[in-house]
Amino acid sequence: MPALPPGVPVPDDGALPAWVRPAAHVSDRPFGVYVHVPFCSVRCGYCDFNTYTAAELGGGANQAAYAGTALREVTLAGRVLADAGRAPAAVSTVFFGGGTPTMLPAHDLARVLDGVRDTWGLADGAEVTTEANPDSVTPESLRVLADAGFTRVSFGMQSAVPHVLATLERTHDPARIPDVVRWARDAGLDVSLDLIYGTPGESLADWRTSVEAALATGVDHVSAYALVVEPGTKMAAQVRRGEVTLPDEDDQAAKYELADDLLTAAGLRWYEVSNWSRPGHECRHNVGYWRGHDWWGVGPGAHSYVSADDDGAHPAGVRWWNVKHPRAYATRLEAGQSPGAGRELLTAAEAHLERVMLGVRLREGLDLGVLTPSGRTSVAGLVARGLLDGPAAVGAGDRPARAVLTRRGRLLADAVVRDLTS
């Protein structure tokens with residue numbers, strides 16, 4: 001099947017393509033909902049997410065009206081999926097990200113969650129997460145979220161070292177982290193902390209301080225991401241002018257290995273290249289992305305994905321994205337139109353590449369049976385180079401052969417994917 005061009009227009013009613021027909025056992029497939037909240041109090045210099053401060057937005061896109069606008073899209077999503085015969089039996093996971101979702105009043109976040117529940121229902125044991133900044137919550141707001149059905153909160157800690165936080169332009173006091181973790185746990189919420197390593201000027205000792213501070217709170221989940229300076233950000237301009245210097249790859253690798261050592265020793269094991277948790281505390285919403293589950297993204301700039309049955313005659317799935325600016329997003333929904341800005345129809349080859357690229361990042365690894373013959377041929381070489389685990393690649397007993405990254409392989413995951421998809 002020839003490659004299809006990206007950016008196919010989304011119809012005003014948001015209808016899915018006719019070939020996205022009811023799939024076998026669709027009601028049994030996990031389905032997630034992502035809700036993007038685009039507001040921040042300050043734009044951090046390294047951030048290239050679709051976020052806005054009040055000063056940037058101006059009139060016409062205020063936070064007070066946002067919950068009602070997002071609910072309009074939830075209603076639209078319910079109709080579109082029902083018309084396509086792809087409505088989930090219930091939603092497995094909901095994730096509020098941003099931006100800083102907790103810049104909205106807790107009752108507004110609860111209203112949006114109620115809309116998701118009223119439209120599709122929540123599965124038994126559904127995971128409902130919100131991201132939050134440490135300075136954007138109170139004990140009372142966290143209790144409101146827990147009472148509304150939220151089960152988890154992910155705090156953007158980033159670092160415990162003041163000069164690192166200052167470089168990142170983060171505004172919270174690191175001494176507040178133990179307090180917010182305790183408040184969330186007292187409310188009955190599971191807690192994750194997000195860390196960033198590789199900030200200009202951060203030493204290995206600084207990074208150790210941050211990881212140890214996170215572990216001292218007793219949380220059951222930690223994410224640790226290498227700082228990526230994207231073009232167009234304030235920090236990219238600082239790097240270009242020579243005002244700050246980024247660390248080299250050896251420094252990044254040393255910090256990743258230190259985090260892995262400390263987190264593993266504390267009982268948190270890696271389950272995805274950048275995520276560690278105690279058993280049973282993995283972020284199930286993000287695991288859904290890595291396993292290729294379907295989801296609907298609500299909010300300006302949010303992306304959605306629905307897979308299709310592989311019949312060889314049609315694309316393997318459709319991904320679409322909303323207009324980015326909150327004012328344009330609200331205007332379209334108020335006019336009864338889909339906020340979709342464009343959609344991409346995935347060929348079988350593109351869907352295969354994404355399945356390998358995302359699936360191999362998981363500790364469970366990737367079933368070698370999904371690889372092409374040339375991809376399977378590369379496995380022995382990757383094992384010999386110490387990038388894939390040899391026993392996992394061979395399989396044993398009733399365990400299928402899988403591509404499972406070693407720690408060195410985690411550091412070179414992109415190179416592994418290139419070989420597996422060559």
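According to full-length UniProt numbering, the sequence shown is numbered sequentially starting from 1.
Ideal Cβ positions, reconstructed from N, Cα and C, are used throughout, including at glycine.
Applying the criterion that 16 or more other CB atoms from any shown protein chain within 10 Å of the CB defines a buried residue, is VAL228 buried or exposed? exposed
Check this for me: beta carbons of THR51 and GLY98, under 8 Å apart or not? yes
Beta-carbon gap between ARG86 and HIS293 smaller than 8 Å: no
Cβ-based burial, GLU140 [other Cβ within 10 Å; buried from 16]: exposed
Less than 8 Å between the C-beta atoms of ALA253 and LEU382, yes or no? no
Is DSSP giving ARG408 helix, strand or coil here? helix
For THR93, report the span of its alpha helix (DSSP H) as first-last. That residue, THR93, is in no alpha helix (DSSP H); its beta strand (DSSP E) goes 91-98.
Using a beta-carbon distance below 8 Å, is VAL112 in contact with chain B? Although the question refers to chain B, the structure presented lacks it and comprises just one protein chain.
Relative to the C-alpha of ALA259, which residue among ALA302, ARG284, ALA214 is closest? ALA214
Tell me whether the beta-carbon of ALA187 lies closer than 8 Å to the beta-carbon of ALA216. no
Where GLU272 sits in the DSSP three-state scheme: strand
Could you give the distance in angstroms between the alpha-carbon of LEU16 and the alpha-carbon of GLY340? 11 Å
Could you tell me the alpha carbon to alpha carbon distance between VAL417 and LEU366, rounded to whole angstroms? 11 Å
On the DSSP letters alone, give me the boundaries of the beta strand (DSSP E) that ASP186 sits inside. Run containing ASP186: none in the beta strand (DSSP E); it sits in the alpha helix (DSSP H), 177-186.
Close Cβ partners of LEU388 (< 8 Å) along its chain, the five nearest in sequence each way excluded: VAL379, LEU382, ALA403, VAL404, LEU405, THR406, GLY409, VAL416
If you scan the region 155-236 from start to end, which runs of the alpha helix (DSSP H) of 4 or more residues do you find wholly inside it? 162-168, 177-186, 204-216
First and last residue of the uninterrupted beta strand (DSSP E) at ALA84: ALA84 -> no beta strand (DSSP E), and no H or E assigned at all.
To which residues of the same chain is ALA401 closer than 7 Å at the C-beta, ignoring the five residues directly before and after it? LEU368, ALA393, VAL394, GLY395
For GLY278, does the count of other Cβ atoms within 10 angstroms reach 16, so buried, or fall short, so exposed? Note that residue 278 is Arg in the sequence shown here, rather than Gly. ARG278 comes out exposed.
Rounded to the nearest angstrom, what separates SER274 and HIS172 at their Cα positions? 23 Å
ARG240: buried (16+ other C-beta within 10 angstroms of its C-beta) or exposed? exposed
Could you check if LEU204 is buried or exposed, using at least 16 other CB atoms within 10 Å of its CB as the buried criterion? exposed
Can the beta-carbon of THR69 be found less than 8 Å from the beta-carbon of PRO101? no
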